[in-house]
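Using our numbering, the first residue of the sequence shown is number 11, and each one after it goes up by one. In this text, a Cβ means the ideal position worked out from N, Cα and C, and glycines have one as well. Note sheet for the following structure.
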Amino acid sequence: MSAVRAERPALQQTLPAGGRKAREAFWFLWKKLKWLEDMRHLSSCWKKPFPVIGQGTFIFNADRRFQPFYISVEDAEDEYPMIALHVGNDCASFIIQRKRDRCPKELKRIDQAGCGVEEGKVSYWYSYDRDNLVLKYGKGYRMEETTLMTHDFLAKAKNPRERERMRQEMHEHLFRPDRKKFVKLYNEMVRGQFECPNSQVEGVDVLEPLVEFDKEPFICNLPPMVLDSSKVNLFTLDKGDYTFSASLPSACKELYSNVVGCDLNYTEVEGEKVLLSDAIRYSLANGVLKEKIESKVGELGDDPNETYLRVTLGHSLGKSPGIPYVLEIWPAGHYSPIHNHGNANAVIKVLFGSITIDIFNKQSPTSSHDPLLTFEASAGNVTWLDRNWYQTHKLRNPSNDYCATIQCYKYDAGDTAHWPYFDYVSEHETIDEFYPNSDFDFCEMREKVMTEYKHYIFNYF
Numbered sequence: 011m012s013a014v015r016a017e018r019p020a021l022q023q024t025l026p027a028g029g030r031k032a033r034e035a036f037w038f039l040w041k042k043l044k045w046l047e048d049m050r051h052l053s054s055c056w057k058k059p060f061p062v063i064g065q066g067t068f069i070f071n072a073d074r075r076f077q078p079f080y081i082s083v084e085d086a087e088d089e090y091p092m093i094a095l096h097v098g099n100d101c102a103s104f105i106i107q108r109k110r111d112r113c114p115k116e117l118k119r120i121d122q123a124g125c126g127v128e129e130g131k132v133s134y135w136y137s138y139d140r141d142n143l144v145l146k147y148g149k150g151y152r153m154e155e156t157t158l159m160t161h162d163f164l165a166k167a168k169n170p171r172e173r174e175r176m177r178q179e180m181h182e183h184l185f186r187p188d189r190k191k192f193v194k195l196y197n198e199m200v201r202g203q204f205e206c207p208n209s210q211v212e213g214v215d216v217l218e219p220l221v222e223f224d225k226e227p228f229i230c231n232l233p234p235m236v237l238d239s240s241k242v243n244l245f246t247l248d249k250g251d252y253t254f255s256a257s258l259p260s261a262c263k264e265l266y267s268n269v270v271g272c273d274l275n276y277t278e279v280e281g282e283k284v285l286l287s288d289a290i291r292y293s294l295a296n297g298v299l300k301e302k303i304e305s306k307v308g309e310l311g312d313d314p315n316e317t318y319l320r321v322t323l324g325h326s327l328g329k330s331p332g333i334p335y336v337l338e339i340w341p342a343g344h345y346s347p348i349h350n351h352g353n354a355n356a357v358i359k360v361l362f363g364s365i366t367i368d369i370f371n372k373q374s375p376t377s378s379h380d381p382l383l384t385f386e387a388s389a390g391n392v393t394w395l396d397r398n399w400y401q402t403h404k405l406r407n408p409s410n411d412y413c414a415t416i417q418c419y420k421y422d423a424g425d426t427a428h429w430p431y432f433d434y435v436s437e438h439e440t441i442d443e444f445y446p447n448s449d450f451d452f453c454e455m456r457e458k459v460m461t462e463y464k465h466y467i468f469n470y471f
């Protein structure tokens with residue numbers, strides 16, 4: 011018997027008095043403590059330091075094949091104190107153990123379908139917030155809507171003085187800012203022994219490493235709408251309704267700067283007597299755009315409305331999935347499938363009309379197709395996405411007029427995959443790949459629709 015197990019209280023010391031109900035209560039408690047204690051006899055399968063001392067988010071992307079596991083945050087010098095996330099079968103919990111504790115203590119537990127290990131590739135994430143003393147666990151993208159469990163160490167503080175006392179105690183023993191922290195992955199017992207099978211790394215998405223770190227803990231959602239930093243005032247700073255352009259990820263910041271001044275109509279420059287926006291509307295009903303949109307039925311699904319036009323601008327430079335700048339035209343009632351952008355960054359500006367955007371969690375053939383959130387962007391609005399924020403979405407135009415957007419894409423500087431496809435959910439509930447092609451070059455499309463419309467208006471070629 012190990013020294014740790016020898017310290018466990020004798021059974022008669024923990025056995026509650028009172029007959030059958032007491033015995034049932036005891037055995038429930040004993041089983042619960044037993045699996046908590048088991049973790050201390052495992053060898054870690056994986057170990058890495060946090061990139062920032064004492065805080066950050068750990069993401070584990072893998073097919074666990076229903077095998078439960080622990081993610082433990084421990085000191086560099088010693089395995090104690092430790093704060094662990096346990097992900098079991100239809101359950102999850104936060105566990106804590108300090109040097110003075112005989113056995114681990116369960117801080118928070120949830121028991122519900124979908125909160126534990128799953129079959130198939132899943133991103134399990136664990137946020138460790140040193141400054142706010144908050145733990146969070148979720149699956150998929152790191153968002154408020156995907157957070158499954160939260161524990162706030164200061165939640166029970168009755169007044170500011172007690173809150174400060176608790177903060178000092180937690181910083182001294184568990185969240186010391188001068189202590190280097192390590193993250194360790196442990197597999198739970200399988201068939202009577204603890205294993206670290208090689209099969210755990212099979213089936214990991216080619217776009218995502220097995221293990222990722224974010225140096226920031228997850229605190230709250232970043233707004234999907236962008237406001238130019240030159241227009242920020244005290245009220246917008248306080249409300250937090252926008253992501254400011256200067257605060258965008260570096261790739262998005264570059265894209266935003268390149269398209270923020272774009273418009274659909276340039277009458278003062280073109281010297282035209284008709285508007286391109288009117289010419290597009292006419293062509294969608296009667297001309298070359300109508301023919302093209304009808305020819306695209308079946309590319310993404312059998313519904314004629316699951317189509318839109320991609321008008322490319324410029325050339326591919328190898329820094330994005332396909333040509334980086336795309337004018338997308340959405341006839342009334344049309345929509346896209348649920349899709350991602352290969353973990354690329356993107357900025358979308360609405361040039362005409364409005365578009366409704368549904369945001370989804372990471373998709374697999376068994377994922378929920380219910381949106382996490384929905385918002386509408388109108389002419390002049392700008393939205394953004396990166397590998398974690400708003401990456402998987404569905405665009406739809408429920409209005410009575412068409413919508414035109416300028417979309418632009420760029421890979422992260424550290425992206426070594428450069429995945430050239432958009433992955434989308436097909437009508438057969440499978441994940442298919444779509445290579446971003448072009449229906450027209452911009453100048454080609456503009457010349458054709460303007461010629462059509464002028465002929466209609468002025469009856470000349």
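Leaving aside the five residues that flank Phe-185 on each side, the residues in its chain whose CB is nearer than 7 Å to its CB run, in chain order, Gly-64, Arg-140, Leu-143. By the neighbour-count criterion, in which a residue is buried when 16 or more other Cβ atoms sit within 10 angstroms of its Cβ, Glu-182 is exposed.
Secondary structure of Phe-79 (DSSP, three-state): strand. The continuous stretches of beta strand (DSSP E) do not include Asn-296, which lies in the alpha helix (DSSP H) extending over residues 286-296. For Ala-256, the secondary structure class from DSSP, reduced to helix, strand or coil, is helix.
In chain order, Gly-343, His-344, Tyr-345 place their CB closer than 7 Å to the CB of Asn-315, counting only its own chain and leaving out the 5 sequence neighbours on each side. Its Cα nearest to that of Val-270, the residue Asp-238 stands out among Asp-238, Met-159, Val-193, Glu-174. The beta carbons of Pro-341 and Ile-303 sit about 6 Å from each other, so the pair counts as a contact at 8 Å.
Cys-230 sits exposed, since fewer than 16 C-beta atoms from the chains shown fall within 10 Å of its C-beta. Using a Cβ distance threshold of 9 Å, Met-92 and Asp-85 count as a contacting pair. Comparing alpha carbon positions, the residue from Val-336, Ala-387, Lys-283 closest to Ile-467 is Lys-283. In the same chain as Thr-402, and ignoring 5 residues on each side of it, the C-beta atoms closer than 8 Å to its own belong to Tyr-151, Ile-348, His-349, Asn-350, Ile-369, Phe-370, Asn-371, Lys-372, Gln-373, in chain order.
Taking a C-beta distance under 9 Å as the contact criterion, Leu-220 and Asn-398 do not qualify as a contact pair.
Excluding its 5 nearest sequence neighbours in each direction, Ala-414 has C-beta neighbours in its own chain below 6 Å: Leu-274, Ile-339, Leu-361, Phe-362, listed in chain order. Selection Phe-223, Trp-135, Leu-299 evaluated against Phe-450 yields Leu-299 as nearest (Cα-Cα). Leu-143 carries a coil assignment under DSSP once its states are collapsed to helix, strand and coil. Taking 8 Å as the upper bound for CB-CB distance, Tyr-80 and Tyr-196 are in contact here, some 4 Å apart.
For Asp-224, the beta-bridge partners assigned by DSSP are Thr-67.
Distance from Ala-387 to Ile-416 at the Cβ level is roughly 12 Å; contact not present, criterion being Cβ atoms closer than 8 Å. Assignment of beta-bridge partners to Asp-162 by DSSP yields Val-144.
By the Cβ rule, the stretch 169-181 does not count as touching the stretch 113-129, because fewer than three pairs are nearer than 8 Å.
Collapsing the DSSP output to three states places Glu-338 in a strand. With fewer than 16 other Cβ atoms from the protein chains shown falling within 10 Å of its own Cβ, Thr-277 counts as exposed.
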